[in-house]
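Chains as they are written, first to last, in our numbering: chain A, 4 to 712; chain C, 215 to 270. Cβ atoms here follow ideal geometry from the backbone N, Cα and C, with glycine treated the same way. Remember, it's a predicted structure, so these values are computed and weren't measured experimentally. Some notes on the structure that comes next.
Printed below as a string of C-alpha cells:
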C-alpha cells in the first residue's frame, strides 16, 4: 500500500505546554495569595484590586481555564494528530486558537481584579469575553473536526470520543450559562433570576467540572497512560461503557450543589440519585486506568511520570467517591458551605488535573525535543513535594470542615446556639488555614522545580517542530461493518450528534419544568423589586465578590433559622438577576441581614471589620467610602431589569437617579445623626442600602407561605 | 438514606422516568459491547501504541 509522508505539528504542542507551565505558576501563586489572606487579611496590601473577593475568581479562572485549559489543548493537539495519523487541519487555526486563548486569559486577568464580574462561579467573565471564548472554542472545534475529516485512521480511538464530548458539551454549557443582557461594555444582567438562575449556574458549574476538568483528562489518560506504561488499555469495552455512562449521568448531577435550598424538591432528588449513580462510571474509568498498569507496576518505582499518573488516578477515585457522598442530603447538611468542599475540589484539581498535567509534561517535552529528561531525580523530588502539598492542603481543610460544621450546629442543653457568634467558628479554624497555605506553598514549589527541570530539558534538546511520519491514505470502505458501534467509531458527525443528544436529555428534563411550570417558582406578593440605590448597591456587592464568602440562602435547619432567621423561599429571589446564594460560608449568611444592625454598624464594618467584629478576617473596604457612586447607568440598569421581567414603572425608570439620591440622603442623614459624616453620593451608602434591604420583604407578608414558596 | 429517594411528594415520576431512560440506554450500550468483535477490540486498544511500534 502506498504510504503518504506528512509531519506532525509539535510547535503548537510546545506552545500550549509553555502556556500551561506559565499560567500554572501564576494561578497557583494567586491561590497561595488568597490562602494567606484568609489568615492575614492585610495581605491584600489594602489595595482593592488585590482583595480576596476579586482575586479569588482570578485564582479559579487562572487554574481552570489557563492552566488546565492550556494543558488540555497541549494533550489534545499531541494525541489527536497521532491517533488520526494526520497533521492538524490548519496551522493558521492552531495559531488563532493559541493566541486567542491567551488573549482571553489576559482579559480575565485584567477585568477580574477590576471587579468586572457576572458573579456566576467559574463563569465570572463579562459578555465581551464570553463572545471571545465562543469564537475561539469554535476555532478549536473546526480545527479538531477538520483533522478528524482528513484522518488516515478509519476508527476513532476512545480518547477522541472524550474530546468530541468535551467540545460539544462545553459549547452548550457556555452558551446557555452566558445568556446575558448587556447594560454597557463591561456590565450585564443574566436573563434568568433566582431559583432558575441557580439551576442554570450549577448545571453549568457542575458540568464545567465534568466536561472541562474530567472528560478531556480521561481522554488524555486513555492515550498517554498506555504510552507511558507501554501497554494497551486494560479493557477497551469498559472504556466504551465508561464513556457513554459518564456523559449520560454527569449532566444530571448539578442540583446537588443546591440541596436544602428553595430549588424544587424533585430536582434536588434527581441530582442526588444521579450523583450516586455517578460512582459507577467514574470508578469504571479509574479502575480501567489503574489496571492498565498490570504487569508494569515495577516501572512505577522508577518512572516519575507513572508515579504522577498513579496518584492522579487515585485522587480521581477519591474525589469521585467523595462527590456522591457529599450529595447525600444528610452529609450535605453538615458539609455544605464548609471547607470540606474546598478540600474536595482541590483533591481533584491538585491530584487529578495537576498531577496528570505534570506527568504529561514530563513525558511529552523530552519527546518533542528529541532528548532525555534533564533530571529524573528532580522529577521524583517534585512528585514527593507535590504529594506532601496535597496532603498538607486537604487534611487540614477536612479537619477545619468538621470543626466548623459541627460548631455551626451545636446547641447548649438550654436549647440555644452554643456558638451564636459566627466569628468564633472562623477563628477556631485559622490554624488549619495556615497549614493549608503551607500545603499550597509546597505544591507551588514542586511546580517551580518542574519548570526548572523542563527548561533545562528544552535547552538540552532541539524542538522537532515538524515531526515526520507516514501512513497509507484511507480508501473508501466497501464492506459493511457488522458492529454498529464500530460503524459509529468512523462517523464523527454522527458521534457528535449522539453525544449531544446524550448530554441534552438530563438538562432538558431538569430545566424545562423548572422554567415552564409556574408552581415551581411561586411569587410572594410582598416581595418588591430593589430600589435604584439598592440595585446599585447590589452591583457593588457583585463587584467586590462578597458572594465568595457570604451565602444568601438560609436552609431549613434549626441551627440556621436560630442563627440567621426564617429559611429562604423561592419567591424571595424572583427579581435577583443574578442569584447570589453563594457556595461557601467563610463569613455568615446574609440573606436576613437587612435591618438587623443600624446603618452605622455597616459603615464601621466596611471601614474596618475588626471595629464591630474583633478578630475578623474580612478585609476592610475603605475605598467604598472614598469612591463616588457611578450613577450614569442607573436608568439603563432599571430599564434592563424591566426588559428581564422586573415590574418597574415608567416613573421608577425615568426618575431612577432622583429616587436614588432621595434614599441615599436619608441614609447619609441617619449616619450623620450617629456621628458619621459621609456624602450621600459615596458607594458605601448604596452598599448599606442593599444590605439593609436583604431578606426584609418577607416580613411584610401576611398569611402563611406554602411549600418552598 | 433511601427516604430521600422515595419520598418525593408526588414528583417521583420525574425520577422513575429518568432512571428508565438511563437503564434502557445502559442496556443498549451493554448489548452493543457484548456483540463487539474481539479482533476489533484488540485493534482499537493497541492504537496509541501503533506509532511506537512503527518506529521500532
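Within 7 Å of the CB of residue 235 (chain C), the CB atoms of chain A belong to 508, in sequence order along the chain. Unbroken alpha helix (DSSP H) runs of no fewer than 4 residues, entirely contained in the region 377–449 of chain A, are found at 379–412, 425–431, following chain order. Between the alpha carbons of residue 424 (chain A) and residue 546 (chain A) lies a gap of roughly 27 Å. Going by C-alpha positions, residue 365 (chain A) is about 6 Å away from residue 308 (chain A).
Taking all protein chains shown into account, residue 685 (chain A) has 16 or more neighbouring C-beta atoms within 10 Å of its C-beta and is therefore buried. From the beta-carbon of residue 253 (chain C), no residue of chain A is found nearer than 9 Å; the closest lies around 10 Å away.
Contact between residue 388 (chain A) and residue 353 (chain A) does not hold, since the beta-carbon distance rounds to 12 Å and is not under 8 Å. Fewer than three pairs of CB atoms, one per stretch, sit closer than 8 Å, so the region 47–54 of chain A makes no contact with the region 65–80 of chain A. Unbroken alpha helix (DSSP H) runs of no fewer than 4 residues, entirely contained in the region 331–370 of chain A, are found at 332–338, 342–349, following chain order.
Taking the C-beta atoms as reference points, residue 242 (chain A) is found no nearer than 8 Å to residue 220 (chain A). Residue 526 (chain A) is a Cβ neighbour of residue 574 (chain A), given a cutoff of 8 Å. Residues of the region 226–250 of chain A with a Cβ closer than 7 Å to any Cβ of chain C, in chain order: 226, 229, 230, 235, 236, 239, 240, 243, 244, 247, 248. Counting along the chain, no beta strand (DSSP E) covers residue 563 (chain A); the unbroken alpha helix (DSSP H) around it starts and ends at 561–566.
Cα atoms of residue 361 (chain A) and residue 453 (chain A): separation of roughly 8 Å, rounded to the nearest angstrom.
Rounded to whole angstroms, the Cβ separation of residue 5 (chain A) and residue 475 (chain A) is 6 Å, and the two are in contact under 8 Å. One finds nothing in chain C with a Cβ atom closer than 8 Å to the Cβ of residue 478 (chain A); even the nearest lies about 17 Å away.
Nearest in C-alpha terms to residue 583 (chain A), of all of A:261, A:107, A:12, is A:261. Here residue 125 (chain A) carries a coil assignment [DSSP, helix/strand/coil]. Take residue 271 (chain A), set aside five residues on each side of it, and the residues of its chain with a beta-carbon closer than 7 Å to its own are 258, 261, 262, in chain order. For residue 365 (chain A), no Cβ of chain C is located within less than 8 Å of the residue's own Cβ. It is roughly 43 Å from the alpha-carbon of residue 571 (chain A) to the alpha-carbon of residue 223 (chain A). Interface flag for residue 166 (chain A) against chain C is unset, since no Cβ pair is found closer than 8 Å. The continuous stretches of alpha helix (DSSP H) do not include residue 8 (chain A), which lies in the beta strand (DSSP E) extending over residues 6–12.
The contact set of residue 499 (chain A) on chain C, defined by CB atoms closer than 8 Å, is empty, because the minimum CB distance reaches about 17 Å.
Only those residues of the region 150–161 of chain A whose C-beta falls short of 7 Å from the nearest C-beta of chain C are listed: 158, 160. Residue 685 (chain A) carries a strand assignment under DSSP once its states are collapsed to helix, strand and coil. Between residue 230 (chain A) and residue 255 (chain C), the gap from beta carbon to beta carbon reaches 8 Å or more. Residue 562 (chain A) and residue 412 (chain A) do touch by the CB rule: their CB atoms are close to 4 Å apart, below 8 Å.
Residue nearest to residue 337 (chain A) within the set A:690, A:347, A:407 is A:407 (criterion: CA-CA distance).
Leaving aside the five residues that flank residue 324 (chain A) on each side, the residues in its chain whose CB is nearer than 7 Å to its CB run, in chain order, 282. Residue 160 (chain A) has its alpha-carbon roughly 15 Å from the corresponding atom of residue 247 (chain C). The beta-bridge partner set that DSSP reports for residue 291 (chain A) is empty. In the displayed model, residue 235 (chain A) falls within coil according to three-state DSSP, outside both helix and strand. Nearest Cα to residue 139 (chain A) within the set A:552, A:170, A:112, A:157: A:170. Boundaries of the beta strand (DSSP E) harbouring residue 187 (chain A): 183–187, taken from the DSSP string.
Contact annotation for residue 85 (chain A) against chain C: 265 [CB-CB distance below 7 Å, chain order].
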